[in-house]
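> The structure follows.
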Amino acid sequence: MTYDCIASLRRATPLAAIITLLASPYPTLAADDGAVAKTPIFVDVAPASGLDFEHWNGMSGQHYFIEPVGAGAALFDVDGDGDLDIFLSQGRLLEPPGVDAKSVQPIFAPPKHSGGRLYRNDLSIAEDGQRTLHFTDVTESSGLKADGYGMGVAAADIDNDGRIDLYLTNFGSNQLWRNVSKDGVIRFVDVTEQAGVDDSRWSTSASFADIDADGWLDLFVVNYVDFRLKNHQPCRSPAGRPDFCGPLSYRGEGDRLFRNRGDGTFVDITGPAGLLDGKSSGLGVVAADLDSDGRIDFYVTNDMRQNFLWRNLGHAAGSDGAATKFENVALERGVAVSGMGQSQASMGVVAGDFDNDADDDLFMTHLNGDHNTMYINEGEGYFDDRSTASGLASPSMSMTGFGVAMIDFDNDGWLDVMVANGEVRSIEAQARANDPFPLKQANLLFRNRNGRFIEVERGELGVLAKMEVSRSLAVGDIDNDGYADVLLTNNSGPARLLRNQAASGAHWIGVRAVLADAPRDALGAKVSVVVDATTTLTRRVATDGSYLAASDPRVLVGLGTRNAVTAVRVIWPGGAEEEWRDLAVDQYHTLTQGTGRSIEASP
Amino acid sequence: MLASLALCLAMLLVLTGCSEPQPPEAPLAVVAPPVDLAELDLAVRQQFKERWDALQAATPGSKESATRWGEVGQWFDAYHYRDSADASYANAAQLDAGEPRWPYYRGHIALDRGDLDMAMEEFARAANLAPDMAAPRVQMGNIAMTQLHVDVAKDAFDRALKIDATDPEAQLGLGRVALEQGDPEGAREILEPLLQSQPDVGQLHYLIGLSWRQSGDRVKAAEHFSKVPQESLNQVPLSTSDPWMREVQLLDRGVVTLTRRGVREIQHGELRHGTLLLAQAVKANPSTAETHINYAQALRRVGRPNHARDELQEALRLAGDSPETTAKAHLALASLLTSMGQLDVAEPHLHEVLDFDPRSVDALLQLGRIKQRQGQVEAALGQYAAARDLAGEREDVCFWHAAMLLRLDRIKLAQDALQADIDRLGEARSLRLLLARLFAAKDSPSTKDVDSAKKLLESAAGQPDVFFAETAAMVAAADGAFAQAISWQDEAVATLAESRRHAALKTARRRLQLYREGMPCRNPWEDAESMVTTKIRTSQTERNPS
Chain H
1 MTYDCIASLR
11 RATPLAAIIT
21 LLASPYPTLA
31 ADDGAVAKTP
41 IFVDVAPASG
51 LDFEHWNGMS
61 GQHYFIEPVG
71 AGAALFDVDG
81 DGDLDIFLSQ
91 GRLLEPPGVD
101 AKSVQPIFAP
111 PKHSGGRLYR
121 NDLSIAEDGQ
131 RTLHFTDVTE
141 SSGLKADGYG
151 MGVAAADIDN
161 DGRIDLYLTN
171 FGSNQLWRNV
181 SKDGVIRFVD
191 VTEQAGVDDS
201 RWSTSASFAD
211 IDADGWLDLF
221 VVNYVDFRLK
231 NHQPCRSPAG
241 RPDFCGPLSY
251 RGEGDRLFRN
261 RGDGTFVDIT
271 GPAGLLDGKS
281 SGLGVVAADL
291 DSDGRIDFYV
301 TNDMRQNFLW
311 RNLGHAAGSD
321 GAATKFENVA
331 LERGVAVSGM
341 GQSQASMGVV
351 AGDFDNDADD
361 DLFMTHLNGD
371 HNTMYINEGE
381 GYFDDRSTAS
391 GLASPSMSMT
401 GFGVAMIDFD
411 NDGWLDVMVA
421 NGEVRSIEAQ
431 ARANDPFPLK
441 QANLLFRNRN
451 GRFIEVERGE
461 LGVLAKMEVS
471 RSLAVGDIDN
481 DGYADVLLTN
491 NSGPARLLRN
501 QAASGAHWIG
511 VRAVLADAPR
521 DALGAKVSVV
531 VDATTTLTRR
541 VATDGSYLAA
551 SDPRVLVGLG
561 TRNAVTAVRV
571 IWPGGAEEEW
581 RDLAVDQYHT
591 LTQGTGRSIE
601 ASP
Chain Z
604 MLASLALCLA
614 MLLVLTGCSE
624 PQPPEAPLAV
634 VAPPVDLAEL
644 DLAVRQQFKE
654 RWDALQAATP
664 GSKESATRWG
674 EVGQWFDAYH
684 YRDSADASYA
694 NAAQLDAGEP
704 RWPYYRGHIA
714 LDRGDLDMAM
724 EEFARAANLA
734 PDMAAPRVQM
744 GNIAMTQLHV
754 DVAKDAFDRA
764 LKIDATDPEA
774 QLGLGRVALE
784 QGDPEGAREI
794 LEPLLQSQPD
804 VGQLHYLIGL
814 SWRQSGDRVK
824 AAEHFSKVPQ
834 ESLNQVPLST
844 SDPWMREVQL
854 LDRGVVTLTR
864 RGVREIQHGE
874 LRHGTLLLAQ
884 AVKANPSTAE
894 THINYAQALR
904 RVGRPNHARD
914 ELQEALRLAG
924 DSPETTAKAH
934 LALASLLTSM
944 GQLDVAEPHL
954 HEVLDFDPRS
964 VDALLQLGRI
974 KQRQGQVEAA
984 LGQYAAARDL
994 AGEREDVCFW
1004 HAAMLLRLDR
1014 IKLAQDALQA
1024 DIDRLGEARS
1034 LRLLLARLFA
1044 AKDSPSTKDV
1054 DSAKKLLESA
1064 AGQPDVFFAE
1074 TAAMVAAADG
1084 AFAQAISWQD
1094 EAVATLAESR
1104 RHAALKTARR
1114 RLQLYREGMP
1124 CRNPWEDAES
1134 MVTTKIRTSQ
1144 TERNPS
């Protein structure tokens, strides 16, 4: 075959491409097609708002496995003033065993302030609606001392006193900080020991959920692998160059489930609950009723091993009744491995209704060379791998994804997706350029068009197109304007507060679901917005998901052009259902259990 | 439909050819050696040097130069320097437009990058240049599946099978097409014969499981799903007939790949071949301690302990600056020496490990076993107790701790520890059986509790092994049911004799004699007793333990 024929192929391809463009219902635009510049959807307001945080992974040339993994973030209302505050996890120096710490030369300079940092949001809203964000570092005055090698965060009210507490996962001992803030003064107390919730292994993500509907939030802690500095294995690339290890170089660790006794203490029920045999390499977790049986299940993403779907069996018949039982049904439900039958390097995960059919689907992120995976819930907790059909597969093949945000950024009623990317193995071009941390990638943002996802144009990405080693994404409306924003963390890089300026003009409605017996968010509840006779949009009340992150538990539902809703329904933990009518759009509503119209469950 | 038409049009234009004047030649892409060449494995560096030198020696612009560029590209490709591989292949293709391998490799690189359009273009080019090769058509089919152009995919797989009727990837592709088209029976017709020829491929089991799920048979689906390995490393990949990719894969002489392949072979019982691969890994990089440690482990498995010891000593010498690797070598050497009966020589190595890492549970366990074998039961208990403090979620650690307490006759402590561990760990079969023995074997009214022993036995039922059988015998004897005790103990003895576990057989025979004399066993755990989990023959598996 001659060069001529290759030229004919070059002639053919543009023609074919045009036909393809016409044929496709949703044109796929190239990342950089030279189109007219668009306005970025998200703008980083961290520097302008005083959020001055740089993550430090403490690397000093040993290629410790821990170095590229962190770290996490939380968006939560620490002082109960109605706006979202921020916690950011921090690394620390990794001292090779037997070496004097003073002689260790870290690759990057240590941060100004060590340890995890807590920032209070001093949001002000002028009469004309202008919102000004300002963050103040209140870490020292709060008493919160997070000086471990920080990984993730879980945020929830564990003692039902109306104040959100924090569970910090670390490489090493974890911490439970009880929020004792009062009269506008933010204070925390370390109650890890008395609560009995420490886990000294390498913990990653965590989730608070009420597994037995007793009104107290229990705690699921995900653990990664049995890596310690002292059992560090020097790993190499295929060619023999020193490189970071993968999770299969170490023994997998089991996860842990703590039941909240309601008296400030927890009991470890991992074994009795049937979770002990699940030794794996956990990185992400979501708590959701995935099979619609009224009980909270846990889905755990494992790196290079099968994922777990721990189905909540309640107090199983024949048991001693002391603990709720779980059973791993991931394989039979179609969510253990990819549609091709292969264990993937699953990292971040979200559960949400991506196709607006009132059940929760699952989306998770994977390594370069593999695709991110969308499992669509076919009903009653059986899933189908629809990664390809969703449009989310191929754009992710060249990326290593970690944090994932499920966010209706344009408030059209369809949940969009943002993915934080950053490699774990050296990128050749960056290594050639002598980059000391050659793992940088751009992030991804997709619009959901009726269940099919389209990558946004490069011009709309703004700072998301920056090449960084991104890790965690926490979602929340930081300026209470009804448009969800995002907090993004970078490993060895700045935290970015991405304010949504989609300004689509779309309507929205926000709901905070609060329990009757306790003044806290009803984690595990489901909120359904009945828009009209044919459209109901369902969302979970949750803070977990993504990667090492805790997000705003308020439910924010985009309504598009619709300027009214028929009703809002809440299914509370335990199964009771209530309805509210005549709720105005474009504002937040706090719905307290017991104040709505009770709905009998249909037979 | 229109999208399918577009793709077919692309292929049609490729196939018809043209007669356009040749454009002027573009300059070749600049490719440099990898910046980290000095850090690579010795064998890998040598490989690169040979190919790079051959490229420099070739006449620029010649066909030979094209081949050399391709070979350099293959080196970059094998070791995951994708950018340089792509540039090298591009140069090779520019100089020799008739060679199908270069666009084929570029297609794979584009696929890894997620650039499906480019990948399709390159595979189409390769297919056009190599009408007798199935591989490019298979890849085109896979891309079409990714883009959900199912008809185009089917066409591509069919074309591949016309070229090679046994191509496994093409068959797999057609199976996927059938599933996508909602034809699970059709999928099974294709995939089941493939599974018969490659029964260990987890991927095939999974797809067949999906087909059963589509057919509504969740039981059959679960049977297949259960055969999918937990870890990606243990997945046996589909054996393919792609000689071009095989060429690149075989190039990989790096330590990592050789080690991985070696370990996989050993896990599949191919001890000799696995050991050979690990020997090659040592040769590829003789100055890394880890390669010697891996090789030593393999040598031990094939019954060459002296050679294994030499390799571990070399590893210790090389590990010098790395305390973690030094500890690893000490641990492996201690384990080897213990198995060779050289307990006194093994012990100092474990102390070296613990000096470096006092939290090394493996070292504590090994030291405990040495102390046990030396008859220093109190000292053994100390090690197991320390291990239990560090790793209380490990059933084996809790077991040995409790076993030593029983050996020392600290019945109450053993009972309390076992109960606490069972409460914490849940299932913990071995702990339940040990506690059953405690309740059955002891004389004191406060500890002898046959009913509890029976309940524990029942809760630990499953496929009976020697440990279970001996425990069942002990409980039966405590209950006065000596015929049953003898029957269970007979099975244990037979299994131990068959598996030539002489030390355990001695203990088992002694217990059998006791039961024959109508006497219960008073000692729940003997000196140097080990937990034998060899399965009892199936004729006994229906026996009710109570």
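From first to last, the protein sequence lines stand for chains H and Z. Using our numbering, the letters of the first sequence map in sequence onto residues 1 to 603. Using our numbering, the letters of the second sequence map in sequence onto residues 604 to 1149. C-beta atoms are modelled at their ideal positions from N, C-alpha and C, and glycine is treated no differently.
Once the 5 residues before and after D255(H) are set aside, which same chain residues still bring their CB inside 7 angstroms of it?
Reading the first sequence from its first residue, position 255 is the one you call residue 255(H). Taken in chain order, the residues that qualify are F220, V221, V222, N223, L275, G278, G282, V300.
> When you check each C-beta in the region 288 to 317 of chain H against every C-beta of chain Z, which residues fall closer than 7 angstroms?
Within the region 288 to 317 of chain H, the residues whose Cβ lies closer than 7 angstroms to some Cβ of chain Z are M304, R305, Q306, listed in chain order.
> For L1034(Z), which residues from the same chain have a beta carbon less than 8 angstroms from its beta carbon, with the 5 sequence-adjacent residues on both sides left out?
On the second sequence, residue 1034(Z) is found 431 positions in, with the first residue counted as 1. The answer, listed in chain order, is E998, C1001, F1002, A1005, L1021, D1024, I1025, L1028.
> Can you pull the chain H neighbours of F828(Z), defined as C-beta to C-beta under 7 angstroms?
Here the question's residue 828(Z) lines up with position 225 in the second sequence. Result: L331, E332.
> The alpha helix (DSSP H) with F1042(Z) in it runs from where to where?
As a first step, residue 1042(Z) is located in the second sequence; it is residue number 439 there, counting from the start. 1032 to 1044 is the span of the alpha helix (DSSP H), which, as asked, contains F1042(Z).
> Are the C-beta atoms of L248(H) and some chain C residue less than 9 angstroms apart?
The displayed structure is made up of protein chains H and Z, and chain C is not among them.
> So, under 8 angstroms CB-CB, L367(H) and E834(Z) are touching, yes? Tell me the CB distance rounded to an integer number of Å.
In the first sequence, residue 367(H) corresponds to position 367, counting from 1. In the second sequence, residue 834(Z) corresponds to position 231, counting from 1. About 15 angstroms separates the two Cβ atoms, so there is no contact after all.
> Excluding the 5 residues preceding and the 5 following W815(Z) in the sequence, name in chain order all residues of the same chain whose CB lies nearer than 6 angstroms to its CB.
For this step, residue 815(Z) is matched to residue 212 along the second sequence. Answer for W815(Z): K823, A824, listed in chain order.
> Taking M1077(Z) as the reference, give the member of G1065(Z), Q1066(Z), A1064(Z), L1060(Z) with the closest Cα.
As a first step, residue 1077(Z) must be located in the second sequence, where it is residue number 474. Taking only the C-alpha atoms, the option nearest M1077(Z) is L1060(Z).
> Can you check which of these residues, A1044(Z), L1036(Z), A1072(Z), F1070(Z), is closest to K1058(Z) by C-alpha distance?
To locate residue 1058(Z), count along the second sequence from 1; it is residue 455. The shortest C-alpha separation from K1058(Z) is found at L1036(Z).
> Please work out which residues of its chain come closer than 6 angstroms, Cβ to Cβ, to S472(H), disregarding the five sequence neighbours upstream and downstream, and give them in chain order.
Translated into the one-based positions of the first sequence, residue 472(H) becomes position 472. Around S472(H): G72, A73, G403, T489, Y547, L548, A549.
> Starting from D214(H), find everything on chain Z with Cβ-Cβ shorter than 8 angstroms and list it in chain order.
Mapped onto the first sequence, residue 214(H) falls at position 214. The premise fails here: D214(H) is roughly 20 angstroms from chain Z at the closest Cβ pair, so nothing lies under 8 angstroms.
> Enumerate in chain order the residues of its own chain whose CB-to-CB distance from R187(H) is below 7 angstroms, with the five nearest sequence positions on each side excluded.
Here residue 187(H) refers to the residue found at position 187 of the first sequence. S142, G143, V180, S181.
> What residue range is occupied by the uninterrupted alpha helix (DSSP H) comprising H933(Z)?
Numbered from 1 along the second sequence, position 330 holds the residue referred to as residue 933(Z). Its alpha helix (DSSP H) spans residues 926 to 942.
> Taking CB distances under 9 angstroms as the criterion, tell me whether L9(H) reaches chain Z.
For the purposes of this step, residue 9(H) is identified with residue 9 of the first sequence, where counting begins at 1. Note that L9(H) has pLDDT 31, beneath the 50 cutoff, so the model's placement of it is unreliable and the number below is only indicative. Yes, its Cβ sits closer than 9 angstroms to a Cβ of chain Z.
> How do the region 746 to 760 of chain Z and the region 775 to 786 of chain Z stand: do at least 3 beta-carbon pairs fall below 8 angstroms, yes or no?
They touch, by the three-pair rule.
> Of all the CB atoms in chain H, is at least one closer than 9 angstroms to the CB of P926(Z)?
Locating residue 926(Z) in the second sequence gives position 323, where the first residue counts as 1. Yes, P926(Z) lies at the interface with chain H (some Cβ there is under 9 angstroms from its Cβ).
> Could you give the uninterrupted runs of the beta strand (DSSP E) lying entirely in the region 345 to 429 of chain H, keeping only those of 3 residues or more?
Within the region 345 to 429 of chain H, the complete beta strand (DSSP E) runs of at least 3 residues are 349 to 352, 361 to 364, 373 to 377, 383 to 385, 401 to 407, 416 to 421.
> So which residues of chain H does L1028(Z) contact, with C-beta pairs closer than 7 angstroms?
The residue you call residue 1028(Z) lines up with position 425 of the second sequence. The answer, in chain order, is G271, L276.
> Looking at the structure shown, is E577(H) part of a helix, part of a strand, or coil, going by DSSP?
Here residue 577(H) corresponds to residue number 577 of the first sequence, with the count starting at 1. In this structure, E577(H) counts as strand in the three-state DSSP scheme.
> Listed in chain order, which residues of the region 644 to 673 of chain Z have Cβ atoms closer than 9 angstroms to some Cβ of chain H?
Against chain H - using a Cβ distance shorter than 9 angstroms - the residues of the region 644 to 673 of chain Z are D644, L645, A646, V647, R648, F651.
> If you reduce the DSSP assignment to three classes, tell me which class V822(Z) lands in.
Numbered from its first residue, the second sequence carries residue 822(Z) at position 219. Helix, per DSSP.
> Can you say whether D157(H) is buried or exposed, counting buried as having 16 or more other CB atoms within 10 angstroms of its CB?
To locate residue 157(H), count along the first sequence from 1; it is residue 157. Classification for D157(H): buried.
> Quick one: Cα of R904(Z) to Cα of L936(Z), how far?
Reading the second sequence from its first residue, position 301 is the one you call residue 904(Z). Reading the second sequence from its first residue, position 333 is the one you call residue 936(Z). Approximately 14 angstroms between the Cα atoms of the pair.
> Is the beta carbon of N411(H) less than 9 angstroms from the beta carbon of G482(H)?
Numbered from 1 along the first sequence, position 411 holds the residue referred to as residue 411(H). Numbered from 1 along the first sequence, position 482 holds the residue referred to as residue 482(H). Cβ atoms of N411(H) and G482(H): closer than 9 angstroms.
> Quick check on this structure: which residue in N450(H), A442(H), D532(H) has the alpha carbon closest to the alpha carbon of A465(H)?
Translated into the one-based positions of the first sequence, residue 465(H) becomes position 465. When only C-alpha atoms are compared, the closest one is A442(H).
> Can you find a CB in chain Z that lies within less than 9 angstroms of the CB of G240(H)?
What you label residue 240(H) is simply residue 240 of the first sequence in a count that begins at 1. It does: the Cβ of G240(H) has a partner Cβ on chain Z nearer than 9 angstroms.
> Kindly say whether S1133(Z), judged by its beta-carbon, lies nearer than 9 angstroms to any beta-carbon of chain H.
Counted from its first residue, the second sequence places residue 1133(Z) at position 530. By this cut-off, S1133(Z) is not an interface position.
> Could you spell out the range, first to last residue, of the beta strand (DSSP E) harbouring E1129(Z)?
For the purposes of this step, residue 1129(Z) is taken as the residue at position 526 of the second sequence. It is not in any beta strand (DSSP E) - E1129(Z) carries neither H nor E in the DSSP assignment.
> What is the rounded straight-line gap between the Cα of T590(H) and the Cα of D479(H)?
As a position in the first sequence, residue 590(H) is number 590, starting the count at 1. As a position in the first sequence, residue 479(H) is number 479, starting the count at 1. Taking the straight line from one Cα to the other gives about 17 angstroms.
> Relative to the C-alpha of H827(Z), which candidate in I125(H), S207(H), L331(H), G184(H) has its C-alpha closest?
Here residue 827(Z) is taken as the residue at index 224 of the second sequence, counted from 1. Nearest of I125(H), S207(H), L331(H), G184(H) to H827(Z), Cα basis: L331(H).
> Starting from Q175(H), follow the beta strand (DSSP E) in both directions and report where the run begins and ends.
Reading the first sequence from its first residue, position 175 is the one you call residue 175(H). Its beta strand (DSSP E) spans residues 165 to 179.
> Determine, for G676(Z), whether the minimum Cβ-Cβ distance to residues of chain H falls below 9 angstroms.
Stepping through the second sequence from its first residue, residue 676(Z) is reached at position 73. Taking Cβ atoms only, chain H never reaches closer than 9 angstroms to G676(Z), which makes this a no.
> For H232(H), go through chain Z and note every residue whose CB falls closer than 8 angstroms to its CB, in chain order.
Translated into the one-based positions of the first sequence, residue 232(H) becomes position 232. By Cβ distance, chain Z contributes E927.
> Any contact of the region 388 to 403 of chain H with the region 202 to 212 of chain H, i.e. 3+ C-beta pairs under 8 angstroms?
Flag = no, the region 388 to 403 of chain H and the region 202 to 212 of chain H do not touch.
> Rounded to whole angstroms, how far is the Cβ of L993(Z) from the Cβ of R962(Z), which I believe are closer than 8 angstroms?
The sequence position of residue 993(Z) within the second sequence is 390, counting from 1. The sequence position of residue 962(Z) within the second sequence is 359, counting from 1. Yes, L993(Z) and R962(Z) are in contact; Cβ-Cβ is about 5 angstroms, under 8 angstroms.
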